[in-house]
Amino acid sequence: MSTIYDVKAEVAADTLLDKAGYEAMYRDSVADNEGFWKKQAAIVDWIKPFSKVKDVSFAREDLHIRWYYDGTLNACYNCVDRHLATKADDVAIIWEGDDPQRDLKITYRELHKRVCRFANVLKKLGAKKGDRITLYMPMIPEAAVAMLACARIGAVHSVVFGGFSPDALAGRIHDCESNIVITADEGLRGAKKIPLKASVDAAAAHESVTTLEKVLVVRNTGADIEWDAGRDHWLHEMEAEVDDDCPCEEMSAEDPLFILYTSGSTGKPKGVLHTTGGYLVYAALTHKYVFDYKPGDVYWCTADVGWVTGHSYIVYGPLANGAITLMFEGVPNYPSASRFWEVCDKHQVNICYTAPTAIRALMREGDAPVKKTSRASLRLLGSVGEPINPEAWEWYYHVVGDERCPIVDTWWQTETGGILISPLPGATALKPGSATRPLFGIQPAIVDSEGVELEGAAEGNLVISDSWPGQMRTVYGDHQRFVDTYFATFPGRYFTGDGARRDKDGDYWITGRVDDVLNVSGHRMGTAEVESALVAHPQVAEAAVVGYPHDIKGQGIYAYVTLMDGVASSDDLRSELVKWVRKEIGPIAAPDLIQWAPSLPKTRSGKIMRRILRKVAEDEFGNLGDTSTLADPGVVQDLIDNRMNRS
Ligand code: WTA
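When you line the sequence shown up against the UniProt record's numbering, it's residues 1 to 647, in that order.
What follows is the structure, given as C-alpha cells:
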C-alpha cells in the first residue's frame with residue numbers, strides 16, 4: 001500500500017476547486033452532460049453562438065462526433081486578440097533559450113503583431129483556409145506564432161517533431177498533401193545544432209512529396225544553408241513587406257484546427273485530426289483546473305510543440321486562458337543538471353509540467369543539483385507522457401517540490417486532445433503513481449478482454465464510455481482507420497490502448513499500453529514502424545521489436561533481427577542498424593538492444609509470438625507460458641541463450 005499524500009490542507013485555501021467542488025462539478029457533468037458542456041463553452045469567445053451542443057455516436061456503423069457544431073469562432077482570436085483589451089502589456093510567452101544567456105518576453109500586444117504579420121506572410125505565399133501547412137520547427141517563439149498564424153487564416157497545421165528524420169517528415173507532408181513547410185535554418189538543443197532546413201530539403205527531394213510549393217524559413221542560428229530560389233523564402237524578408245493587420249477567419253466549430261501524426265500498433269503513423277471549437281474549450285478548461293491557473297501565474301510545460309502536450313498545454317490551453325506560458329528551447333541537463341530548476345528561479349515559475357523520463361534522468365544526478373536552487377516560486381508540479389514510477393514521484397515531491405507542491409499526474413493521449421484523468425490540486429488526495437480521477441464529463445471504464453465492464457476494484461483495458469469536446473474526430477484521410485482503431489475492439493466505447501487498474505477508492509492507475517505501441521522516454525513509437533525500418537535494410541531478412549523496462553526511458557527498444565542468408569552478424573552491423581533506424585525514423589526510434597535471431601518464434605500459421613519475445617527481452621524467460629503452439633519450439637532456447645538484457 002502506497003502513501004496517500006493529502007496536500008489539500010496546505011494548498012486548498014485558494015485553489016479553484018476543493019474536494020466537494022470537484023465532486024459536485026463531476027456529478028453535474030455526467031448527470032447533464034450537454035448542459036454542462038453548454039455552460040463550460042463560455043470559456044471561449046464565439047463569433048456566432050452555437051445552439052447545438054453535442055451530436056455523438058460511438059456505434060461502429062454510424063460513428064460521428066460533433067460538438068458545438070453550428071457555432072463559429074477563431075482559435076487564434078481566442079488565444080491572442082481577445083486578451084488585448086485587458087492585458088495587452090502582460091507577458092504571453094517567456095522564451096528561454098538553449099543558451100542560458102538568451103531569453104525573451106513577448107507581451108500579448110507583441111504576440112498579436114507577430115501573428116498578424118506571420119499570417120500575412122502565409123497569405124502572400126498563397127496559403128488559404130483549409131490548406132495543410134507542415135511545421136518542422138525548433139522550440140523558438142516562431143513555432144507558436146506559426147501555429148497561431150495558421151489558425152488565424154483557417155489553415156490546418158501539422159507540426160512534425162524536429163527530431164524526426166527527413167523520411168518521416170516526407171511521409172507526413174505526403175499524407176496530408178501540404179503545400180507549405182515552415183522551418184528554421186537550424187535548431188539548437190544542448191549546444192548541438194539540428195540541421196532542420198537540410199532535412200526539409202532532403203524530405204522535399206523524396207519522390208512521394210509532390211504537393212510542396214513553398215518553404216518558409218526562420219533565421220535562427222544564422223547557419224549557411226542550401227537555397228532553392230523558386231521555393232524557399234526567408235521569414236524576415238517577407239515580414240518586412242507585409243502589414244500588421246490580418247483579420248481572423250470565421251471558422252465553424254467543426255472545421256479542422258490541426259493534424260498531429262502519432263504512432264499506432266500497426267502501419268504508418270496516423271494523422272490525428274482535431275477541430276476548432278470543442279478542442280479549444282477542452283484545452284482551456286483542463287488547463288485552468290488541472291493546473292489551478294490564476295492570472296499572473298508563470299506556467300511552464302517542458303514539452304516540445306512537436307507533441308500534443310506542446311499543442312494543448314504550451315500553446316492553445318494557456319494562451320486561451322491569457323496565461324504566461326514559458327517555452328524552453330533546451331534540454332534538462334544542459335549546461336548542467338540544475339538547468340530546469342535554474343529556469344524556475346530565473347523566471348519565478350509557479351507551475352512546472354514535465355515528463356517522468358526527465359525526472360528519472362535528473363534523479364540519477366542526485367539531490368545536490370536541485371538543492372542548490374531555491375524553487376520557492378513553485379506551487380504545483382505536473383507529470384505527463386508515461387506512467388510515473390513511485391520512486392520518481394516521491395523524488396519529485398520531496399526533493400523538487402520540498403513537500404509543498406501537489407503533483408498532478410495527468411493521463412491523456414494525442415487522440416484525447418486534453419487531459420482526461422488527473423488529480424486536481426487541493427481537491428484530490430495524491431497517490432504516487434496514480435492518475436487518480438476522471439475530469440469533468442469523462443466516463444472511464446475498465447473492461448476485460450471480452451469487453452465486459454468490471455465493477456469496483458479491477459484491472460483490465462481502459463475505455464471511455466462517452467465523448468468529450470476535445471476528442472479527435474477522425475484519422476486524416478482515413479475515417480475507416482479511425483473507426484477500426486478505436487471503436488471496433490469494444491463496441492460502443494472509445495478504446496484507449498492502455499491498461500489500467502482501479503483501486504478500492506475508485507482511483508485509476510495506468511499500467512501502460514496493452515497494444516504494440518512503445519513508450520520510449522514519453523515518445524510514442526509503433527513496433528511496426530521500427531520493424532519496417534529494420535527490414536528495409538538490405539542485410540535484414542526479418543525483424544521483431546518489443547519494449548523492455550528501462551531505468552531512464554521507461555521503455556527501451558529491443559529488436560530481434562534475422563539476417564539474410566550468408567550475412568555474418570557483427571558489432572559493426574549492429575551499430576550500422578542503429579544508425580539506419582535513426583536515419584529512417586529519427587533518433588528516438590533507435591533500438592537500445594539488438595539480438596541476432598536465426599529465426600523468430602512463430603505459430604504454425606506464421607504469426608510471431610510476441611509474448612515470448614517480450615518475456616525474453618524482459619529477462620523473465622522462466623515463465624514463458626504455453627509454447628506448444630510454436631511451429632519450432634527449439635527457436636526459444638536459442639533466443640534465451642543469446643539474450644541481450646541480463647540482470
Ligand atoms: C501514456 C501524451 C501513464 C499512455 C499526452 C498513453 C501515460 C500515451 C500518462 C499517449 C500518464 C500519457 N500515466 N501513462 N500520466 N500520460 N501516458 O499520444 O500510454 O504521446 O496512451 O500523448 O502515453 O501518448 P501521447
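Cβ atoms here follow ideal geometry from the backbone N, Cα and C, with glycine treated the same way. Note that the coordinates shown come from a computational prediction; the quantities given were computed from them, not determined experimentally.
Worksheet item: Hey, would you say I557 sits closer than 9 Å to A590, going by beta carbons?
Response: yes
Fill in: Residues that DSSP places opposite Q480 in a beta bridge
Answer by DSSP bridge pairing: none, since Q480 is not bridged.
Worksheet entry | Exposure of R114, with buried meaning 16 or more beta-carbon neighbours within 10 Å | buried
Worksheet item: Is it the case that the Cβ atoms of I585 and V545 are separated by a distance below 9 Å?
Response: no
Fill in: Complete runs of the alpha helix (DSSP H) confined to the region 175–222 [at least 4 residues]
Runs found: 196–204.
Worksheet item: What residue does the alpha helix (DSSP H) around I359 start on, and which one ends it?
Response: P356 to M363
Practice prompt. Return yes when the C-beta of S527 is under 8 Å from any heavy atom of the ligand WTA, and no when it is not.
Written response: This sequence places Thr at residue 527; Ser is not what is there. Checking the Cβ of T527 against the ligand WTA gives no.
Item to complete: Taking only the alpha-carbon atoms, compute the straight-line gap between V44 and S628 and give it to the nearest angstrom.
Response: 59 Å
Discussion item. Does M284 come out as helix, strand or coil in the three-state DSSP assignment?
Written reply: Here residue 284 is Ala; the residue named in the question, Met, does not match the sequence. DSSP places A284 in helix when its eight states are reduced to three.
Discussion item. Which same chain residues end up closer than 6 Å to R614 when comparing Cβ atoms and leaving out the 5 residues on each side of it in sequence?
Written reply: V546
Item to complete: Could you pull out every residue in the same chain whose Cβ sits closer than 8 Å to the Cβ of V540, ignoring the five residues on either side in sequence?
Response: L534, V561, T562, L563, M564 and L577
Item to complete: Please classify R513: is it buried, with 16 or more other beta-carbons within 10 angstroms of its beta-carbon, or exposed?
Response: buried
Fill in: Contacts around residue 652, its chain only, beta-carbon distance under 8 Å, and the 5 residues preceding and following it disregarded
Any property of residue 652 remains undetermined from this structure, which presents the chain solely from 1 to 647.
Discussion item. So for T527, helix, strand or coil by DSSP?
Written reply: helix
Worksheet item: Counting along the chain, where does the alpha helix (DSSP H) carrying L639 start and finish?
Response: G634 to D641
Worksheet item: Which residue's Cα is closest to the Cα of G418: L424, L285, V331 and R473?
Response: Relative to the Cα of G418, the nearest Cα in the group L424, L285, V331 and R473 belongs to L285.
Item to complete: Could you spell out where the beta strand (DSSP E) holding R513 opens and where it closes?
Response: Y508 to R513
Discussion item. Please report the distance separating the alpha-carbon of N220 from that of H523.
Written reply: 26 Å
Fill in: Beta-carbon contacts of V616 that lie in its chain and below 7 Å, excluding the five residues immediately before and after
L639, I640 and R643
Practice prompt. For V331, name the three-state secondary structure that DSSP assigns.
Written response: For V331, the three-state secondary structure derived from DSSP is coil.
Worksheet item: Taking 9 Å as the CB-CB limit, is V463 close to chain C?
Response: In summary, chain C is missing from the structure at hand, where a single protein chain is found.
Discussion item. Helix, strand or coil for G353? Go by DSSP, reduced to three states.
Written reply: In the sequence under discussion, the amino acid at residue 353 is Tyr, which differs from the Gly named in the question. Y353 falls in the strand class under three-state DSSP.
Worksheet item: Which same chain residues, not among the five before or five after A337, have their C-beta less than 7 Å away from its C-beta?
Response: L362, E365 and P369
Fill in: Span of the alpha helix (DSSP H), counted from its first residue to its last, around D244
DSSP places D244 in no alpha helix (DSSP H); its state is neither H nor E.
Worksheet entry | C-alpha gap between F161 and P587, whole angstroms | Between the C-alpha atoms of F161 and P587 there is a straight-line separation of about 11 Å.
Discussion item. Three or more C-beta pairs under 8 Å: does that hold for the region 272–289 against the region 72–89?
Written reply: yes
Practice prompt. Rank C176, M327 and A184 by C-alpha distance to the C-alpha of D224 and give the top, closest one.
Written response: A184
Worksheet item: Anyone know if the C-beta pair for A559 and I612 falls short of 9 Å?
Response: no
Fill in: Contacting residues, own chain, Cβ-Cβ under 6 Å from A427 (five flanking each side not counted)
L17, D18, K19 and Y22.
Worksheet item: Going by the C-beta, is A435 closer than 8 Å to any heavy atom of the ligand WTA?
Response: yes
Fill in: Whole-angstrom distance between V349 and K431, CA atom to CA atom
24 Å
Practice prompt. Could you pull the start and end residues of the beta strand (DSSP E) that L462 belongs to?
Written response: A458 to I464
Discussion item. Quick check for students: name the residue ranges of the beta strand (DSSP E) that lie wholly in the UniProt domain "Acetyl-coenzyme A synthetase N-terminal" (22–79), counting only runs of 3 or more.
Written reply: For the UniProt domain "Acetyl-coenzyme A synthetase N-terminal" (22–79), the full-length beta strand (DSSP E) segments reaching 3 residues or more read 54–57 and 64–67 along the chain.
Worksheet item: Between the beta-carbon of E226 and the beta-carbon of K197, is there less than 9 Å?
Response: In this structure, E226 lies near K197, with their beta-carbon atoms less than 9 Å apart.
Discussion item. Could you check if H274 belongs to the surroundings of the ligand WTA, using beta carbon to heavy atom distance under 8 Å?
Written reply: No.
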